[in-house]
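Scroll down for the structure; my scribbles are underneath it.
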Amino acid sequence: MRSTMSLPERVIHGRYRVIYAIDEQAGAAVFCCRDDQSGALVYVAEWTTSDAAIQQQLSQQSERLATISDPALLPLISHAITETGFIAVSSAPQGHDLGQTVRMRNGALTQTEVTSQMTRILAVVRQLHSQTPALYLGTPAPSDIIVRDDGQWMLTPFAMMRGASASASPYRAPEVPSSGSSPASDMYAIAALVYFASTGVAPLTPEVQASGAKLIAPRTHNPSLNEMFEQVLLRALQTRVSNRYQSAAEMQISLDTIQTLGTREPGPGVDSGILNAAPAPVAETKPASSVLAGNYTPPPVAGTIPVVQSGASSSNMRMGCLVAAAITLTILAVMLCIVLALVLPGSPLRSLWGGSFASSFNFAVTTPTPVPSSSKAIVAATPTRIPTITSSNKAIDDTNAANLQVSNVITSTTFGPAAWAPNGQAIAIAAGDSVSIHEVEQFSETAVFRGHVGNVTSLAWSPDGRYLASGASNDSVIHVWDVTNSVEAYTLRGHEGWIRNVIFSPDGKRLASGSTDLSVRIWDTASQRTIYGHPMAHNWPPPHVTAPYACGIPPPVNPSKALPSRPQSTPMTPKKIAIGRLGWCGLLMANHCLWAPPMD
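Sequential numbering from 716 applies to the sequence shown in the numbering used here.
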């Protein structure tokens, strides 16, 4: 974007007097103008083109955008085909574009205002994506976001009209020049704009990242940002489409979770009168990530009264504690003596309990039947009450957040899946790029496996519990670990994308894996190779079935030439042949599964 400059005396379309240029791109420019007819401030986007097809396309886009109404979208009030090209006019609120706002602030905006305004923009984008056909941001710029004087963000309609650009831009998803715009590419564009707003620095362009440069984490530029907020931006800015948020709704859920954890109010169990009466403490902001790190201190529950201690009463409190401790120990000692007196053989208290003392209460004292040494005593455990978590359309909300259990085992590492061993005696937990094995009694760590280059996404135990298979993001290799010996057993290579899921067959001889390369592979665990289809049909077809093919082999273009005719000397007796709607056949011979093209 070029710096703001004065362009006096220029009038666009004989009506809009230019005040200054907001943005000038190749073939298109945006100006802040004064409408000579109404006297109102307006934004005018001007395309310089003599191509009638482009002018007509811009006119159709303008008509569609003029019908969309949203509080965060500047209304398109006029458009026209001119002698030099095309213009579109929108209202101009009091404020500045995002680039100007960041420069005037001399740095980044606060996370609170960025998060709330990001929600407004996502709501507009959801409405744009719901149109038929969908409308996309394409390659937006900071000048497409207008920050009003009251802090509200407004999206101009000009980005949707410009469409995707092939030129290098930090706000354009890397796949746009070749594949076009999509909901996932718009999530990249929004995250790039928010990255700029929350750090004051534009992210690296996709071309620079493709050359080997790494995207700088937002908290490196602005340490005051929340760690969870940073993770949302980093996910949305992934260069791989499948690793990103796929829709505005999905991204909004993550923002709702951050806002819930980061701005939680005291629960209903806290007496507001006590909170108001207590001295105001020094405000200390706890980041939402401290909940994950195990450092979060829950708010006081009902009935807990804050006590303000003074220096004069500290000695009295210490003396009171000593007296209470002495009384408690004395009571415990007396109770222990009574129990021992009743249990020890020959004790007079024991005879008294079994004699007149017991008879006065009509106790039937009987000799217990000896329990054989081979018997096992069954003790009924007292069930532990599990806190009820109210269902909600959010992952975490104000109602159920108070029931979360704090653990000092969890760290800020990105957590993946967890999987129980088949015997229930161990559990595998993925944390970042590693997998740890824990025994369930004390939850102690028995083994740690490392070797993935991305965060682990899937875990699967073999039926005998000896092996554990794992797949990860940004990693096309499947690792199979020998849990018994705490070593890596082998790796499976063949996928071209990262691994989404793995699972063993019930007999443990096969392993199925799904990947973002849009393929599912079946592996032989003995040879560690992919199982391919048969090179030719298993058996000859029955007389009334035309051109069957072995499972896994795609049918040829000409089915009549798929197989040679059946020799007369090799008759076949088929078993219960049933051709389904899609052409599947039943069992023929020796458990052979054949497929025939559907017949009209």
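Note that CB positions come from ideal geometry on N, CA and C, so glycine has one too.
### Task
Please name the residue or residues paired with Y703 in a DSSP beta bridge.
This structure cannot settle anything about residue 703, because the visible part of the chain is limited to 716 through 1315.
### Message
Just to confirm my understanding: we take N1189, look at its own chain, exclude 5 residues before and 5 after, and list those with CB closer than 7 angstroms. What are they?
### Response
V1168, G1169, W1213
### Query
Shortest alpha-carbon distance to Q867 belongs to which of T799, R934, L788, R1215?
For the options T799, R934, L788, R1215, the alpha carbon positioned closest to that of Q867 is the one of L788.
### Message
Excluding the 5 residues flanking A1133 on each side, which residues of the same chain have their C-beta closer than 8 angstroms to its C-beta?
### Response
Cβ neighbours of A1133 beyond the five flanking positions: I1142, A1143, I1144, A1145, L1174.
### Query
When the Cα atoms are used, what is the spatial distance from L1233 to A963?
23 angstroms
### Query
What's the gap between the Cα of L952 and the Cα of S897?
14 angstroms
### CA-to-CA distance, T797 to H728, given in whole angstroms
Answer to the nearest angstrom: the Cα atoms are 7 angstroms apart.
### Query
When you compare each of A795, I783, V947, I860 to A767 by their alpha carbons, which one comes out closest?
A795
### Query
Should V726 be labelled buried (16 or more other beta-carbon atoms within 10 Å of its own) or exposed?
Exposed is the call here.
### Task
Could you tell me the boundaries of the alpha helix (DSSP H) in which S882 lies?
Element bounds for S882: n/a, residue is neither H nor E.
### Message
Give me, in chain order, the residues of the same chain whose beta-carbon lies closer than 7 angstroms to that of L940; leave out the 5 immediate sequence neighbours on both sides.
### Response
Q826, S913, P933, R934
### Message
Using a 10 Å radius around the Cβ and a threshold of 16 neighbouring Cβ atoms, would you call T1206 buried or exposed?
### Response
exposed
### Query
With DSSP run on the structure shown, which of helix, strand or coil describes P1132?
strand
### Query
What do you reckon, is the C-beta of S1242 under 7 angstroms from a heavy atom of the ligand GDP?
Annotation note on the ligand GDP: not contained in the displayed structure, which lists no ligands.
### Query
In whole angstroms, what is the alpha-carbon distance linking P848 and M943?
34 angstroms
### Query
Counting only runs that start and end within the segment 895 to 962, where is the alpha helix (DSSP H) found for 4 or more residues in a row?
List check, alpha helix (DSSP H) in window: 898 to 914, 921 to 925, 933 to 936, 942 to 951.
### Message
If the criterion is Cβ atoms closer than 8 angstroms, does the pair V804 and V839 meet it?
### Response
no
### Query
How is L1055 classed by DSSP in three states: helix, strand or coil?
helix
### Query
S1149 lies in the alpha helix (DSSP H); which residues open and close that run?
Segment 1149 to 1154 is the beta strand (DSSP E) holding S1149; no alpha helix (DSSP H) there.
### Buried or exposed (CB count within 10 angstroms, at least 16 for buried), N821
exposed
### Query
Which value, in whole angstroms, describes the spacing of the CA atoms of A755 and S806?
8 angstroms
### Message
Quick check on L852: buried or exposed, where buried means 16 or more other Cβ atoms within 10 Å of its Cβ?
### Response
buried
### Message
I'd like to know if the segment 770 to 789 and the segment 731 to 744 are in contact, where contact means that at least 3 CB-CB pairs between them fall below 8 angstroms.
### Response
no
### Query
Buried or exposed: which applies to S884, given that a residue is buried once 16 or more other Cβ atoms fall within 10 Å of its Cβ?
buried
### Task
Can you tell me which of the three DSSP states A838 falls into?
helix
#### Entry: Check whether E1160 and S1149 have beta carbons under 8 angstroms apart
no
### Message
Measuring alpha carbon to alpha carbon, tell me which residue in E945, S753, R1244 is nearest A906.
### Response
E945
### Query
Apart from the five residues just before and just after T954, which ones in its own chain have a Cβ nearer than 8 angstroms to its Cβ?
Cβ neighbours of T954 beyond the five flanking positions: P889, P921, Q924, A925.
### Query
What's the call for L773, buried or exposed, on a 16-neighbour Cβ count within 10 Å?
buried
### Query
Can you name the start and end residues of the alpha helix (DSSP H) that E724 belongs to?
That residue, E724, is in no alpha helix (DSSP H); it is neither H nor E in DSSP.
### Task
Return helix, strand or coil for F1219, following the three-state DSSP convention.
strand
#### Entry: Endpoints, beta strand (DSSP E) assigned at I734
In this chain, the beta strand (DSSP E) harbouring I734 covers 731 to 740.
### Task
For R1181, I'd like the list of residues in its chain whose CB is within less than 7 angstroms of its CB, leaving aside the five on either flank, ordered along the chain.
D1197, V1198, T1199
### Task
Using 10 angstroms around the beta-carbon of N937, count the other beta-carbons present and answer buried if the total reaches 16, otherwise exposed.
N937 comes out buried.
### Message
G800 and T764 - do their beta-carbons sit closer together than 8 angstroms?
### Response
yes
#### Entry: Residue closest to E965, alpha-carbon to alpha-carbon, out of T975, V1054, R950
R950
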